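Chemist: Using our numbering, read the sequence shown as starting at 89 and increasing by one per residue. Can you keep this structure in mind? I'll have questions shortly.
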Amino acid sequence: MRIFWRILRICLYALLLLLVVAIGALAVLTGTEGGRQNLAGLISKLASTEDRKITVSGIEGIWSGQLRLDHVVLEDRTGPWLVARKVALDWSPTALLSRNFSADRIEAERIELARLPRAGQQPSQGASNSLPVSIDVKEIELPEIALGQELAGSGIAELAAKGSLKADPSPLAIDTVLKVARRDGKQGNVDAKVRFAPADNKLDLDLKASEPAGGIIANMLKLPDAPPVDIVVSGTGPLANWNGIGTFVVDRQIVAQLTGRHQLSDRGHYIEAKGDGEFERFLPEKFKSLFAGKTNFDVAGTATTTGGIDIERAIVESGAVHGTATGNVDPKGASDLAVELSAKDKPVTIDVGTSAVPILVAVEKATARAFGDGKAPIVDIGTSLASIAVGGTQLNNVTGQVHSDGFDVATRTGPVNVKLAAAGLKTDVATLAPLVTGKLAADLAGSISRDTVTVDQGTLRSDALNAALTAGVSLADLSMTLKMNADAVSKALPPQISSLLGERVKFSATATRDPEGAFAANELELTSGSLSASGTASAQGSDIKANVKGTLGDVSALSSLAGTPLAGGVNFALTASGPRWAPDFSVSADSASLTAAGRTVKDIKLSAKGKADIANPSADISLTGSVEEQPLDIEASLVSAAGKRAIRGLSLALGDNKVSGDLALDDQFLPVGTLTLAVPDVGPLAALGGQTATGDINGTIAFAKDGAAPNLTINAASTSIARGELAAKAITVNALIANYLKGPAISGTIQADSVTSGKTVVSGIGIDLRRDGDWTNFSGGATASGIPATATGRVKIADGKTSVEIASGEATLRGIKAAIAEPSRLAVANGVASVEKLALNLGGGSATISGSAGQILDLTTNFAGLPAALANDFVPGLDAAGTLEGTAHLTGPSANPDIEFDAKLAGAETSQTRQAGLGPLNLDAAGSYGLASGLALDHATLSGDKISGNAAGTLNPNGVSDFSLDLTSSGPSLPLTIGSAESPVKIEVQSLSAKIAGQSTQARLEASAILPSVAASQVNVDGLAVALHSDAFDLKGRAGPVSGTVSIDRIGLDNPMIAPLVAGKVTAEVNGRLTSDAVAVNSGSLKSDALNSQVAGRMSLRDGAVDLNVNANVASSALPAAVRGMLGESAQLSAALNRDANGNVNVSGLKLNSGALSADGQ
């Protein structure tokens, strides 16, 4: 029926137009073929709009009563959507004179409907659907209607339609019959009868539609799987008391039912409607959730005679929501309307955005009330939302309130207050998240009119942000004015910015947008800490303009970013204008003084001017200042032409030092050109970089390209250069570095007379480098601290990895030659060195290293046939013999590695063991060692013809120890030498036993030894036996209680006065405490044939100081003959003995009693 109505209207407009112009243009427009074509074009033009185009062609039989149109085409902005072919109209032209359209028949041979028309962009002009005349069409014939796939669902659907139409505009009356049926062998029909005559108080409605599965109705409703559809709508009776019912059946199940009633009363038209159904499947995806499950509605109200609406009840109930509305709306009186919508079990989510940008709102409850004056009621709207989600940003627990003290419904104007609050916001926008942490609140007060939205006062708050704003927006052209003052916590801003700021940052601006879309930001101001900035910015079309200036009073805030301490202040300014893709710009900065890492640059002035064109940038840059009273001057120009960039006139001058040159930049910004270095004194340049150095450098650095690979040629020389303890003399470098970015390969020479680091001097340095494809071959040598060394091999750097292959190499140290046994490989990547196999020949033996070394170690070393004689050149008189073999495995952090070892020393001899007649000795040991875990011996054995020993267990300074050591000799004793070369102590060990057990802080210690001989300067001890004991010894702190006994067969002294006192067998007992730096003697005794003494005090192990209290009973016969006559048989002696760190001895509190003699002194 809708298609027929459109064609009928076109015909009516065409006929009315013909009547208007008939008298003056009858002959011209209807009498010739050209005239009829012009007439068709005129009708098409008058019936078309910007959103709709109508084309009529082939007009025949205008005045004969048998009008024929060859075709009519309807188009929208996307193209044609309907074509009516061979339209025939049998009518009475003269009836139009009485404003009646009377036709016996309207027929279209074929109608092709591809789709429904798209919505237009132009606003509706209103009243466009009214008819200009009465209509009486006795027969409507549409034998072929073809529906396109968009409507049919699959393929083309063929329909046929018949009917009649009678309509009167005044008084309004419609009487129509329409029958539509499928004609392509498929089932489906629509039968409709409508009689509407308000003047006769009559409305009859009878609509039946039925289609099997796969039908047109199911497709247009987008029902899943296109099930069968049946629709029945009927109603009859007078308008004063009319009842109707509608049923919608899908897949033979009733999914919706509707009953309605209309009654006339003295208050107006009473309308009542009830229904239920499953509407979810028929709604747009955005709103399906509102009507999930079965939905019931019950609405009753009156359209009053005064133009108002009185809602008796309005209830909507679905599986997801419950909604109600009550009250009245009376534009001529008082209104009081309340609406409420609540989610049931859980919040209901709807999409209020677009397909490109969904906005998901989870609604818990929404209320609205309008009351008071019907023309301008008070309005209150409240919402409770579980969440609002847009992309990666989500507001949670949102409450909103909208209030107006009087909103004019007719003009849509009035004051409005808006309050919003949210418990929190989650966002994937990293720069926004800190600003909106915690609770959020917005409070806006303003007004709305037909043309504008005004915010007179507004605030935005979060835990980090506090902002105030006013705004005005024109709805007609979207012009806008916005004023904002904001105060934010600086830590909520990105660290690159917040490091410059104080605790808080204040920002204010006025932004405008004019009707043409030009944007401007004026009165921009930012202050925080020592930073202040102000300026303006604008954008109009493709042009931008900006002017910003400011001050950073304390640059120390940038120290962490610069990686060095900074001090001083800077003034800066920026201007830009022109197209946004290539504006002209000017940047300037100045500072009286800037200090970095203790180095100060004064009177700094920076200037840069140019064009920020991405395709062809250009700039002139200059910087001046002074460093330690020497002028600093840097200049350069970036020029571009035809996409080619170059740096011209590059010059860096500091005092007499200068680096200069011109460089061209390729598409990858790689340079081509030469830099000249003329640096007679590197000191000022080093100081500029925060370093201390002396010396000179002169030469050139040339950048070039070999195809796509960049090359670098260095020709430089220095008479001397030094930094700290490192110094070099007479250095020359002539080298080509090929492909220096991806896979550097070097060729050339590096020479130096000497390089000194502390006491280490490396002289005669000469290295030849030769390129071999991606590799750099090297050969050369030097003498380090008198040790000549040479090496050959090659190195390659590629993809962040340095590969080294050593073909040969040797060095000789104190006559010991070390050489590369076979080609060895190692690689360095990401700070880790990987050794495939490094094989060394050492004095006839070999050592092989493999594994990796970095912050974590995993290295294995294998020894084979290493001669013990390698140590002879380092220890004079050692005369060692024997061979070493075994393995060592280092693992763990490089600062605290763990070592596993398994080693054997066979046939070991030294000059001392030979003199003792011990013969060759064999040592076999395996275990592990770590700083934290201590020493763990799986086994350690010493064996020879006349001596044997073993040790096993753990010595853990941080845990439990269980260690034992035993050494015995059945013949000659084991000779040992301790002390210094100036004061050696020679010991012969006959047996030694030690046991340690328990926690390291309270270990039980037992030790004993038999030492046939101990010899030192001026004293010889024979037959020494020692036994020590401790119940709680701290192994790590080397402290704890100690008790012990000593037995000596003979003590030989060169001192004739003391020797008689220790003649014969000597025994001693001690009870005290040992610490890391001293021995405290609580009680002790020393006895010999002539002496019986008790001792207490302290002896320092750090500086040799002694504090002892001595009580002794001495046989007078052991004293010098000169004093024996004055003494009795024995003498009692007591004194306090003190020896300081310098060796000075002091005796105080001296008392002597013997016979009749008594004496005191010091």
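A virtual CB, placed ideally from N, CA and C, is assigned to each residue, including glycine. Owing to the predicted nature of the structure, the values given are computational and were not obtained by experimental measurement.
Do you know offhand how far N307's Cα is from K274's?
Modeler: Taking the straight line joining both Cα atoms gives about 15 Å.
Chemist: In whole angstroms, what separates the C-alpha of G1243 from that of M1145?
Modeler: Rounded to the nearest angstrom, the two C-alpha atoms are 21 Å apart.
Chemist: Using three-state DSSP, classify E924 as helix, strand or coil.
Modeler: E924 falls in the strand class under three-state DSSP.
Chemist: Alpha carbon to alpha carbon, what distance is there between A952 and G931?
Modeler: Rounded to the nearest angstrom, the two C-alpha atoms are 11 Å apart.
Chemist: Assess, as a yes-or-no matter, whether the segment 1203-1220 is touched by the segment 1181-1191 under the definition of 3 or more beta carbon pairs within less than 8 Å.
Modeler: As far as the Cβ criterion goes, the segment 1181-1191 does not touch the segment 1203-1220, which means the pair count is below three.
Chemist: Taking 6 Å as the limit between beta carbons, can you name the residues of its chain near F607, skipping five residues before and five after?
Modeler: Cβ neighbours of F607 beyond the five flanking positions: R601, A627.
Chemist: Could you please give the first and the last residue of the uninterrupted beta strand (DSSP E) stretch that includes R536?
Modeler: The sequence given here has Ile at residue 536, not Arg. Element bounds for I536: 528-536.
Chemist: Going by other Cβ atoms of all chains shown within 10 Å of its Cβ, with 16 needed for buried, is H350 buried or exposed?
Modeler: Buried.
Chemist: For D493, which beta-bridge partners are listed by DSSP?
Modeler: DSSP lists no partner for D493.
Chemist: Does the Cβ-Cβ distance between A810 and A781 come in under 8 Å?
Modeler: For A810 and A781, yes; Cβs fall inside 8 Å.
Chemist: Thinking C-alpha only, which one of S867, P876, V417, G831 is nearest G861?
Modeler: For the residues S867, P876, V417, G831, the minimum Cα distance to G861 belongs to G831.
Chemist: Looking at G783: is its Cβ nearer than 8 Å to the Cβ of S748?
Modeler: For G783 and S748, no; Cβs fall outside 8 Å.
Chemist: So what's R369 in DSSP terms, helix, strand or just coil?
Modeler: It is helical.
Chemist: Give the list of continuous beta strand (DSSP E) stretches no shorter than 3 residues that lie fully inside the segment 369-408.
Modeler: List check, beta strand (DSSP E) in window: 383-392, 397-405.
Chemist: Let me know if V116 comes out buried or exposed under the rule of 16 or more other beta-carbons within 10 Å of its beta-carbon.
Modeler: Low confidence applies to V116: its pLDDT is 41, below 50, so where it sits in the model is not reliable, and the reading given next is rough at best. Exposed.
Chemist: Thinking C-alpha only, which one of S596, K571, G933, L614 is nearest L588?
Modeler: For the residues S596, K571, G933, L614, the minimum Cα distance to L588 belongs to L614.
Chemist: Using the beta-carbon count (16 or more within 10 Å), is A819 buried or exposed?
Modeler: The amino acid occupying residue 819 in the given sequence is Ile; Ala does not appear at that position. I819 is buried by the Cβ-count criterion.
Chemist: Is the distance from the Cβ of S665 to the Cβ of K697 below 8 Å?
Modeler: No, these two residues do not count as a Cβ contact at 8 Å.
Chemist: How is K1175 classed by DSSP in three states: helix, strand or coil?
Modeler: DSSP places K1175 in strand when its eight states are reduced to three.
Chemist: What beta strand (DSSP E) runs, 3 residues minimum, are completely inside the segment 1067-1124?
Modeler: Counting only runs of 3 or more, we get 1072-1077, 1079-1087, 1091-1104, 1107-1121.
Chemist: Return yes when the Cβ of M1214 is within less than 8 Å of the Cβ of L1238, no when it is not.
Modeler: Contact: no.
Chemist: Under 8 Å, with one C-beta from each stretch per pair, do the segment 1105-1112 and the segment 1122-1129 reach the 3-pair mark?
Modeler: Touching, no.
Chemist: Spell out a yes or no on whether the segment 543-559 and the segment 481-499 are touching, meaning 3 or more CB-CB pairs, one atom from each, closer than 8 Å.
Modeler: Counting Cβ pairs under 8 Å, fewer than three are found: no touch.
Chemist: Have a look at D721 and T712 and give me their C-alpha separation to the nearest angstrom.
Modeler: The alpha-carbon atoms of D721 and T712 are separated by roughly 5 Å.
Chemist: Compare the Cα-Cα distances from I469 to each of Q482, V427, V445 and report the closest residue.
Modeler: The shortest Cα separation from I469 among Q482, V427, V445 belongs to V427.
Chemist: Out of A450, G460, A1224, G479, state which residue places its alpha-carbon closest to the alpha-carbon of T471.
Modeler: Nearest option by C-alpha distance: A450.
Chemist: How many angstroms separate the CA atom of D1137 from the CA atom of T1056?
Modeler: Spanning the two alpha carbons is a distance of roughly 20 Å.
Chemist: Runs of 3 residues minimum, wholly inside the segment 992-1017: which ones carry the beta strand (DSSP E) assignment?
Modeler: Entirely contained in the segment 992-1017, not one beta strand (DSSP E) run reaches 3 residues.
Chemist: Going by C-alpha to C-alpha distance, which of R668, L1025, A301, F370 sits closest to N1038?
Modeler: Comparing Cα positions, the closest option is L1025.
Chemist: CB-CB under 6 Å to I1066, same chain, minus the five flanking residues each way: which ones, in chain order?
Modeler: Counting only Cβ-Cβ distances below 6 Å, and skipping sequence neighbours, we find V1073.
Chemist: Identify every residue that forms a DSSP beta bridge with Y358.
Modeler: DSSP output for Y358 lists Q351, T390 as bridge partner(s).
Chemist: As an exercise, report each continuous alpha helix (DSSP H) stretch of at least 4 residues that is fully enclosed by the segment 738-790, in chain order.
Modeler: Counting only runs of 4 or more, we get 770-776.
Chemist: Do you know offhand how far S618's Cα is from S728's?
Modeler: For S618 and S728, the distance between alpha carbons rounds to 38 Å.
Chemist: How about E195 and E232: are their beta carbons less than 8 Å apart?
Modeler: In this structure, E232 does not lie closer than 8 Å to E195 by Cβ.
Chemist: Looking at I223 and K254, is the spacing between their C-beta atoms short of 8 Å?
Modeler: Result yes, Cβ atoms of K254 and I223 sit closer than 8 Å.
Chemist: Rounded to whole angstroms, what's the CA-CA distance from I987 to G980? Just pull it up for me.
Modeler: If I take the Cα positions, the gap works out to 9 Å.
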